[in-house]
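Numbering (full-length UniProt numbering) for the sequence shown: 1 to 55.
C-beta: ideal position from N, C-alpha, C; glycine also.
These figures come from a predicted structure and were not determined experimentally.
The structure appears right after this line, and notes come after that.
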Amino acid sequence: MYPGEVPSRLPGQAFWDKQGFQFEAFRPQVMDVDKPLPHIRLDAALEFLIGDKLR
1 MYPGEVPSRL
11 PGQAFWDKQG
21 FQFEAFRPQV
31 MDVDKPLPHI
41 RLDAALEFLI
51 GDKLR
């Protein structure tokens, strides 16, 4: 199977177990309602993406 190729059927469980995929967990964190939101370092993301345009 080549990257980007769509298989005719889904691979079995053994394929997924040995591939070593790293999927990010996008589930929101459990938070208390009386505490502020955590800092997600949006400043670092913006600096990386458009920092050169702001200089």
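The alpha helix (DSSP H) enclosing residue i, as first and last residue numbers
{"i": "PHE15", "result": "13 to 18"}
{"i": "PHE26", "result": "Element bounds for PHE26: n/a, residue is neither H nor E."}
{"i": "ASP43", "result": "42 to 50"}
Distance between residue j and residue i (C-alpha atoms, nearest Å)
{"i": "ASP43", "j": "GLY20", "result": "31 Å"}
{"i": "ILE50", "j": "GLY12", "result": "42 Å"}
{"i": "LYS18", "j": "GLU47", "result": "36 Å"}
{"i": "ARG27", "j": "HIS39", "result": "16 Å"}
{"i": "residue 56", "j": "TRP16", "result": "The first residue shown for the chain is 1 and the last is 55, placing residue 56 beyond what the model contains."}
{"i": "PHE23", "j": "GLU5", "result": "20 Å"}
{"i": "LEU54", "j": "SER8", "result": "48 Å"}
{"i": "VAL33", "j": "ALA45", "result": "26 Å"}
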